[in-house]
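Below you'll find the structure, written out as C-alpha cells, and then a few comments.
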Amino acid sequence: MSLTSRLKKQIFIQAQRVVPQHQLSRVVGRVAASENPIVKNAVITAFKAQYGIDMSIAEQSNALKFKSFNEFFTRALKEGVRDIDTDVTSIVSPADGAISQLGPIVEGDIFQAKGQKFTVDNLIADPQLAEPFKNGQFATVYLSPKDYHRVHMPFAGTLTETLYVPGELFSVNQTTAENIPGLFARNERMVCLFDTEIGRMAVVLVGAMIVAGIETVATGKVKPTGRLELNQHDLFLDKGAELGRFYLGSTAVVLFEKDKMTWDAVFKANSTVVMGEAMGHTV
Numbered sequence: 002m003s004l005t006s007r008l009k010k011q012i013f014i015q016a017q018r019v020v021p022q023h024q025l026s027r028v029v030g031r032v033a034a035s036e037n038p039i040v041k042n043a044v045i046t047a048f049k050a051q052y053g054i055d056m057s058i059a060e061q062s063n064a065l066k067f068k069s070f071n072e073f074f075t076r077a078l079k080e081g082v083r084d085i086d087t088d089v090t091s092i093v094s095p096a097d098g099a100i101s102q103l104g105p106i107v108e109g110d111i112f113q114a115k116g117q118k119f120t121v122d123n124l125i126a127d128p129q130l131a132e133p134f135k136n137g138q139f140a141t142v143y144l145s146p147k148d149y150h151r152v153h154m155p156f157a158g159t160l161t162e163t164l165y166v167p168g169e170l171f172s173v174n175q176t177t178a179e180n181i182p183g184l185f186a187r188n189e190r191m192v193c194l195f196d197t198e199i200g201r202m203a204v205v206l207v208g209a210m211i212v213a214g215i216e217t218v219a220t221g222k223v224k225p226t227g228r229l230e231l232n233q234h235d236l237f238l239d240k241g242a243e244l245g246r247f248y249l250g251s252t253a254v255v256l257f258e259k260d261k262m263t264w265d266a267v268f269k270a271n272s273t274v275v276m277g278e279a280m281g282h283t284v
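For the sequence shown, position 227 matches number 228 in my numbering, and the numbering has no gaps at all.
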C-alpha cells in the first residue's frame, strides 16, 4: 500500500473519531425524512447517480415517486426478484450485500478483520443472553449504499427478546473494520434473539455513521435513549420474512449455537450474497 493510501485511511479513521457522530446522524435523518419535493428529489437523484442504484428490481421503479429519501432507501423489491431457498435445512442470507467475515466463534471471540476481533459478550451486551453463542458460528453481512436495505430471517424462529444497545456510530466499511477495535460491538445496535428448532439464533442490526435509524417489525423504528432497553416478544417469523430495515447502510451479524449449523465452503470474506440465498445448512 502506498504512503498516500495509508495517509488517506488514517485521515478517514481520525475524522470519524472527532466528528459529532450522533448529531451528524440526526441532521442527516431530518433531511432523509423530508417530504419536501425539492429536497427529497435532489437527494434521491444525487444518491441514485452516485451509487448506480438499480431501480429495475424495485417494486416502484420511479425513484421520484417516493415520498421521502427514507421511503426510497427502504424500497421494497419487485415480487419474484429474490427467491427464498426452500431446503428445510438451509440457512439463508439475511440481506443483499457482501460477507465481511464468517466462521466459528472461538472461545467467545468473533473475528472482525485482520488484527481485530470482539467478544460475543460485548456484541450482545448481556453475558447471559450471549452464553449460548460461545463457540458457535457467526456471519457478518455488510449492506453497501447501493443495496436493498431490508433485513430478513436467515432461519425460521420465534423472536423472544430485542435488546437496544446504545453506542458509537463509526462507519462499518472494510477500512474502518480493519482499524477500529471491536467495531461492531461498539456501534449502536439492535440485538434480536430467537428460539429455533436448532437452538438459539441472534440477528444483530448494527448502526453506522449517518445511519438515520434502525427499525424492526417488533419494535418499530428505534428511538435512541442512551441506555440499554430489553423487551420481551413472542413473534414467530418464517425463513425469509422481513425482520427489519436500515435507514442508510450498515451491517447484520448472524449468530448460531455450537454444532447446530455449518456455513457452505463456497462463502468467505468478500463473497457477494443476496437475500434468500442459501449460505449454510443445519447439521
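A virtual CB, placed ideally from N, CA and C, is assigned to each residue, including glycine.
Residue i to residue j span [Cα, whole Å]
{"i": "Gln22", "j": "Val89", "result": "Bear in mind that a pLDDT of 48 at Gln22, under 50, signals an unreliable position, so the number given afterwards is only what the model happens to contain. Whole-angstrom Cα-Cα distance: 42 Å."}
{"i": "Phe195", "j": "Gln117", "result": "27 Å"}
{"i": "Pro38", "j": "Ile106", "result": "47 Å"}
{"i": "Ile14", "j": "Asp86", "result": "Its pLDDT being 49, under 50, Ile14 is placed unreliably in this model, and the coordinates cannot settle the point."}
{"i": "Glu108", "j": "Met280", "result": "23 Å"}
{"i": "Phe139", "j": "Gly53", "result": "30 Å"}
{"i": "Val121", "j": "Gly168", "result": "16 Å"}
{"i": "Ser91", "j": "Val284", "result": "10 Å"}
{"i": "Arg31", "j": "Lys224", "result": "14 Å"}
{"i": "Lys259", "j": "Leu103", "result": "14 Å"}
{"i": "Lys66", "j": "Lys49", "result": "13 Å"}
Residues that residue i bridges to, as DSSP identifies them
{"i": "Lys118", "result": "Phe112"}
{"i": "Arg201", "result": "Asp196"}
{"i": "Lys222", "result": "Glu216"}
Proximity of residue i and residue j at Cβ, strictly below 8 Å
{"i": "Val254", "j": "Phe185", "result": "yes"}
{"i": "Pro95", "j": "Val40", "result": "no"}
{"i": "Ile125", "j": "Ala203", "result": "yes"}
{"i": "Leu170", "j": "Glu198", "result": "no"}
{"i": "Val93", "j": "Gly277", "result": "yes"}
{"i": "Cys193", "j": "Leu160", "result": "yes"}
{"i": "Ser57", "j": "Ala270", "result": "no"}
{"i": "Leu249", "j": "Phe73", "result": "no"}
{"i": "Val152", "j": "Leu244", "result": "yes"}
{"i": "Glu179", "j": "Ala114", "result": "yes"}
{"i": "Met154", "j": "Gly214", "result": "no"}
Minimum C-alpha distance to residue i - residue among the options
{"i": "Asp127", "options": "Met191, Gly241 and Val218", "result": "Met191"}
{"i": "Lys147", "options": "Glu198, Asp97, Thr220 and Ser101", "result": "Asp97"}
{"i": "Arg246", "options": "Glu216, Val44, Met154 and Asn123", "result": "Glu216"}
{"i": "Arg76", "options": "Thr220, Asp55 and Thr87", "result": "Asp55"}
{"i": "Lys222", "options": "Asn123, Thr163 and Phe48", "result": "Thr163"}
{"i": "Ala47", "options": "Phe268, Ala59 and Phe70", "result": "Phe70"}
{"i": "Glu132", "options": "Thr273, Lys269 and Phe257", "result": "Phe257"}
{"i": "Leu231", "options": "Ala209, Tyr165 and Lys240", "result": "Tyr165"}
{"i": "Gly158", "options": "Asp235, Val205, Pro182 and Ala114", "result": "Asp235"}
Considering only residues of the stretch 64-98, which uninterrupted beta strand (DSSP E) runs meet the minimum length of 3 residues and lie entirely inside it, listed in chain order?
Fully contained in the stretch 64-98 are the following beta strand (DSSP E) runs of length 3 or more, in chain order: 91-93.
Let me know the alpha helix (DSSP H) ranges lying completely inside the stretch 136-174, each 4 residues or longer, listed in chain order.
none
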